[in-house]
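Whatever position you read off the sequence shown (first residue = 1), add 56 for the numbering used here.
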Amino acid sequence: MSKLNANLLIPMENQSPITTLFLDIGGVLLTNGWDRKARKLAVETFKLDAAETEERHHLTFDTYEVGKLTLDEYLNRVVFYEDRSFTRQEFRDFMFAQSAPYPEMIELVTRLKEKYKLKIAIVNNEGRELNTHRIHYFGISKFVDFYISSCFVHYRKPDADIYRIALDIAQVAAEEVVYLEDRSMFVDVANGLGINGICHQAYDTTVAALEKFGLRL
């Protein structure tokens with residue numbers, strides 16, 4: 057069915073020039089997967105050297121997020137470079153347990169998709185194992201159509217190419233897209249390509265910003 061014919065099936069009050077949402081996961085739909093706060097808690101829980109752990113993390117995490125390391129290889133470099141009193145599985149379970157949902161935001165996106173027949177794409181930086189866990193555990197695939205994740209496409213935000221890939225996969229023009237992202241620099245990069253970026257800070261302000269693009273519940 058053509059886009060024109062598909063639009064004929066949508067009531068006029070449910071139409072918008074926006075056809076697609078690009079979404080970050082961490083900070084928008086869920087808490088961040090493995091951020092500074094989670095690492096600080098890990099250091100305290102597992103009695104790690106804080107400075108050494110953070111330095112090793114920063115030296116290698118980008119490589120993990122672009123899909124060039126497995127989670128076990130990342131942990132080999134950051135945690136298990138020496139014998140530990142805890143197991144690798146215990147540490148992995150701890151990492152996965154740090155994620156929590158933002159139910160209001162998940163409901164908002166789900167309702168907008170249903171009302172406006174939107175395409176939904178994830179554009180995020182995340183390592184493969186964390187990404188897969190978060191997608192499936194929190195049911196994100198129930199409303200997301202495709203994933204342009206750094207671990208899959210081997211580009212990380214703020215590289216503009218990750219947004220170009222997302223536009224190509226979605227087969228939409230930049231002006232048809234609203235992008236929800238909690239980091240202002242990433243929003244600026246997307247805006248530079250003509251994508252309509254919204255820096256998400258709170259549910260109410262994001263709802264108001266979406267309404268300016270004709271996306272009203």
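Glycine residues also receive a C-beta, built at the ideal position from the N, C-alpha and C atoms.
Simplified DSSP state of residue i, which is helix, strand or coil
{"i": "residue 205", "result": "strand"}
{"i": "residue 235", "result": "strand"}
{"i": "residue 119", "result": "helix"}
{"i": "residue 253", "result": "strand"}
{"i": "residue 61", "result": "Any reading at residue 61 must be qualified, since the residue scores a pLDDT of 48, below 50, and its modelled position is unreliable; the value itself is stated next. In this structure, residue 61 counts as helix in the three-state DSSP scheme."}
{"i": "residue 86", "result": "strand"}
{"i": "residue 97", "result": "helix"}
{"i": "residue 126", "result": "coil"}
{"i": "residue 242", "result": "helix"}
{"i": "residue 102", "result": "helix"}
{"i": "residue 248", "result": "helix"}
{"i": "residue 197", "result": "helix"}
{"i": "residue 210", "result": "coil"}
{"i": "residue 272", "result": "coil"}
{"i": "residue 230", "result": "helix"}
{"i": "residue 156", "result": "coil"}
Per-residue burial, residue i [other beta carbons within 10 Å of its own, 16 or more giving buried]
{"i": "residue 14", "result": "Residue 14 lies beyond the stretch modelled for the chain, which goes from 57 to 273, so this question has no answer here."}
{"i": "residue 177", "result": "buried"}
{"i": "residue 143", "result": "exposed"}
{"i": "residue 213", "result": "buried"}
{"i": "residue 190", "result": "buried"}
{"i": "residue 205", "result": "buried"}
{"i": "residue 258", "result": "exposed"}
{"i": "residue 151", "result": "buried"}
{"i": "residue 153", "result": "exposed"}
{"i": "residue 197", "result": "exposed"}
{"i": "residue 308", "result": "Limits of the chain in this structure are 57 at one end and 273 at the other, which puts residue 308 out of reach."}
{"i": "residue 195", "result": "exposed"}
{"i": "residue 163", "result": "exposed"}
{"i": "residue 232", "result": "buried"}
{"i": "residue 146", "result": "exposed"}
{"i": "residue 277", "result": "Past the edges of the chain, shown from 57 to 273, lies residue 277, and the structure says nothing about it."}
The beta strand (DSSP E) enclosing residue i, as first and last residue numbers
{"i": "residue 180", "result": "175-180"}
{"i": "residue 137", "result": "Where residue 137 is concerned, there is no enclosing beta strand (DSSP E), given that its DSSP letter is neither H nor E."}
{"i": "residue 166", "result": "It is not in any beta strand (DSSP E) - residue 166 instead sits in the alpha helix (DSSP H) that spans 159-172."}
{"i": "residue 77", "result": "76-79"}
Nearest-angstrom beta carbon gap, residue j and residue i [assumed within contact, 8 Å]
{"i": "residue 266", "j": "residue 157", "result": "Wrong, their Cβ atoms sit about 19 Å apart, outside the cutoff."}
{"i": "residue 254", "j": "residue 236", "result": "5 Å"}
{"i": "residue 186", "j": "residue 270", "result": "Actually they are not in contact, since the Cβ atoms of residue 186 and residue 270 sit about 34 Å apart, beyond 8 Å."}
{"i": "residue 84", "j": "residue 161", "result": "6 Å"}
{"i": "residue 199", "j": "residue 165", "result": "6 Å"}
Range covered by the alpha helix (DSSP H) that runs through residue i
{"i": "residue 266", "result": "259-267"}
{"i": "residue 150", "result": "144-153"}
{"i": "residue 224", "result": "216-226"}
{"i": "residue 191", "result": "184-193"}
>> Contact between the region 129-141 and the region 102-114 is defined here as three or more beta-carbon pairs at a separation below 8 Å; is this criterion met?
In response: yes
> When the Cβ atoms of the region 227-243 are set against those of the region 94-105, are three or more pairs found closer than 8 Å?
Replying inline: no
> At a cut of 8 Å, does the region 165-182 reach the region 76-84 through at least three beta carbon pairs?
Replying inline: yes
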